[in-house]
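For the sequence shown, this note's numbering gives the first residue as 2, with consecutive numbering after it.
Built from N, CA and C at the ideal position, the CB exists for glycine as well.
Keep in mind the model is a prediction, meaning the values are calculated, not measured.
Structure, as structure tokens:
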Amino acid sequence: MQYQITQQVHAPQWENEQTAVIAEMQRRAQHDLEVQNPGSTITIDKVEHAVRANQGVARPTEGSGSYLVDFVFEYTVSGQTNTFAA
2 MQYQITQQVH
12 APQWENEQTA
22 VIAEMQRRAQ
32 HDLEVQNPGS
42 TITIDKVEHA
52 VRANQGVARP
62 TEGSGSYLVD
72 FVFEYTVSGQ
82 TNTFAA
């Protein structure tokens, strides 16, 4: 299964701390998926991201501005109980 999210990231943070930003987004995705699937074990199998310039924000000086980072998390759910089954 896939979980997708887009995050606006300040350019200096992305340029200097990509690994930390990706780890934080993975932590958030893990949390969101656990909330959506209570009682299940969520395993994130793969993380992909694509970076685009944020066209809505001017970049007047080097190191300012922001990027939009599209994240795609591939994950599996195990031990799921379907509480919505009729």
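Identity of the residue in 44, 75 and 69 nearest residue 51 by Cα: Along the sequence shown, read from residue 1 onward, the residue named residue 51 stands at position 50. Just measuring C-alpha positions, the residue of 44, 75 and 69 sitting nearest residue 51 is 69.
Am I right that residue 80 and residue 12 are in contact with their C-beta atoms under 8 Å? What's the rounded C-beta distance? For the purposes of this step, residue 80 is identified with residue 79 of the sequence shown, where counting begins at 1. For the purposes of this step, residue 12 is identified with residue 11 of the sequence shown, where counting begins at 1. The beta-carbon distance between residue 80 and residue 12, rounded to whole angstroms, is 41 Å. This is too long to meet the 8 Å contact definition.
For chain D, is any of its Cβ atoms less than 8 Å away from the one on residue 54? Absence of chain D from the displayed structure is noted, only one protein chain being present.
When you compare only the Cα positions, how much space is there between residue 61 and residue 16? Here residue 61 is taken as the residue at index 60 of the sequence shown, counted from 1. Here residue 16 is taken as the residue at index 15 of the sequence shown, counted from 1. Low per-residue confidence applies at residue 61: pLDDT is 48, beneath 50, and the placement is therefore not dependable enough to give any value.
Which of helix, strand or coil DSSP assigns to residue 37: Translated into positions along the sequence shown, residue 37 becomes position 36. DSSP places residue 37 in helix when its eight states are reduced to three.
Contact check, residue 30 vs residue 6, beta carbons under 8 Å: For this step, residue 30 is matched to residue 29 along the sequence shown. For this step, residue 6 is matched to residue 5 along the sequence shown. Closer than 8 Å, so yes.
CA nearest to the CA of residue 46, picked from 10, 14 and 76: Here residue 46 refers to the residue found at position 45 of the sequence shown. Per the Cα distances, 76.
With burial defined as no fewer than 16 other Cβ atoms inside 10 Å of the residue's Cβ, what is the status of residue 36: buried or exposed? Taking the sequence shown and counting its residues from 1, the one referred to as residue 36 is at position 35. Exposed is the call here.
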